[in-house]
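Contents: one structure, followed by commentary.
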Amino acid sequence: MDDLEAAALAIADAERAVSMTGAGVSTASGVPDFRSEGGLWDRYDPDDFHVGRFERDPAGFWELWIEIQEEVFGNADVRPNPAHEALAGLEAAGHLDAVVTQNVDGLHQAAGSDAVIELHGTHDRVECRRCGRKSGAASAVERAREGERPPRCDACSGVLKPASVLFGETLPEAALIRAHVHAEKSDAFLVAGSSLTVEPAASLPETAAGTGATLIVVNDEPTPHDGLATCVFRDDVTAVLPRIREAVDDVAD
Ligand code: ZN
-13 MDDLEAAALA IADAERAVSM TGAGVSTASG VPDFRSEGGL WDRYDPDDFH VGRFERDPAG
47 FWELWIEIQE EVFGNADVRP NPAHEALAGL EAAGHLDAVV TQNVDGLHQA AGSDAVIELH
107 GTHDRVECRR CGRKSGAASA VERAREGERP PRCDACSGVL KPASVLFGET LPEAALIRAH
167 VHAEKSDAFL VAGSSLTVEP AASLPETAAG TGATLIVVND EPTPHDGLAT CVFRDDVTAV
227 LPRIREAVDD VAD
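According to the numbering used here, the sequence shown is numbered sequentially starting from -13.
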């Protein structure tokens, strides 16, 4: 049996299959990787996107945030790629229970995935620092662009903050707990496009493998957990995930 067949069987036979995705799935859609060489943090100072900076100077923060938004999401070509589509297809066919993602771009949902757990929040929404109300980011970004910096909550006039996790902020607890429960209960755990070096993403595959899941890793670079994996595909996620999806369809028939 080759790796593709083994991966497909593990997913098709799983009571619960879960995928975890990282930057590699987004870069294939043209979203820049924040951490890589030539990435955003080579050109911007991460300290400017620290939550402490946001609190001291929300107006200045929003000024830079608009710039980054334009750079990252202003490009109309940013849309789901075949890796996102393969995962959404697996979910629609009943073969995938959830996608846990480190990405904040909303592309899994855009591809049609419903069960998405966002470990680092999302750029698609903003939240009020005073009343906690969440709303779509588009209108806040638009208002900030027109000079309302920082944009304020419609309900209470509190300052709005992007709902993605800034440096110095803790990860959303509910998402973390759900991700851990999914990892523990999964029988197949499919890592795609993550180098597995940043917590908690680094430890979720370990948890899954430790409780008996078949671990499948698709990443173009080696990861620290390749040794725990039953199948390792050191290749592009946009090539491998559609093949896995097809193979699952074949063995599930
Ligand atoms: Zn509010």
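All residues carry an ideal CB built from backbone N, CA and C; glycine is no exception.
Between the CA atoms of residue j and residue i - distance to the nearest angstrom
| i | j | result |
| --- | --- | --- |
| residue 161 | residue 103 | 6 Å |
| residue 310 | residue 135 | Residue coverage of the chain in this structure runs from -13 to 239, which leaves residue 310 outside it and unanswerable. |
| residue 211 | residue 223 | 17 Å |
| residue -10 | residue 233 | 7 Å |
| residue 93 | residue 33 | 26 Å |
| residue 31 | residue 52 | 15 Å |
| residue 95 | residue 57 | 21 Å |
| residue 8 | residue 119 | 27 Å |
| residue 142 | residue -12 | 58 Å |
| residue 29 | residue 37 | 19 Å |
| residue 97 | residue 225 | 16 Å |
| residue 237 | residue -1 | 9 Å |
| residue 50 | residue 40 | 11 Å |
| residue 167 | residue 159 | 12 Å |
| residue 84 | residue 217 | 20 Å |
Residue nearest to residue i in terms of C-alpha spacing, selected from the options
| i | options | result |
| --- | --- | --- |
| residue 184 | 200, 164, 213, 157 | 157 |
| residue 186 | 229, 106, 195 | 106 |
| residue 208 | 197, 122, 188 | 188 |
| residue 149 | 141, 131, 133, 122 | 122 |
| residue 86 | 182, 117, 68, 225 | 182 |
| residue 42 | 235, 139, 145, 197 | 145 |
| residue 64 | 55, 72, 15, 45 | 15 |
| residue 13 | 205, 231, 239, 213 | 205 |
| residue 117 | 124, 54, 125, 147 | 147 |
Bridge partners - residue i, DSSP secondary structure assignment
| i | result |
| --- | --- |
| residue 150 | 107 |
| residue 114 | 146 |
| residue 3 | 174 |
| residue 183 | Per DSSP, none; premise fails for residue 183. |
| residue 190 | For residue 190, which the question treats as bridged, DSSP gives no partner whatsoever. |
| residue 219 | 204 |
| residue 87 | 7, 104 |
Limits of the alpha helix (DSSP H) - the one that residue i falls within
| i | result |
| --- | --- |
| residue 37 | 37 to 42 |
| residue 70 | 68 to 78 |
Limits of the beta strand (DSSP E) - the one that residue i falls within
| i | result |
| --- | --- |
| residue 121 | 120 to 122 |
| residue 238 | It is not in any beta strand (DSSP E) - residue 238 instead sits in the alpha helix (DSSP H) that spans 223 to 238. |
| residue 200 | 200 to 204 |
8 Å CB neighbourhood of residue i in its chain, flanking five on each side removed
| i | result |
| --- | --- |
| residue 175 | 3, 4, 5, 6, 169, 190, 191, 194, 195, 199, 200, 201, 202 |
| residue 235 | 79 |
Chain-order list of residues whose beta-carbon lies under 7 Å from that of residue i (same chain, five-residue window excluded)
| i | result |
| --- | --- |
| residue 131 | 52 |
| residue 108 | 90, 92, 149, 150 |
| residue 11 | 69, 70, 89, 178, 179, 223 |
| residue 66 | 15, 93, 96, 97 |
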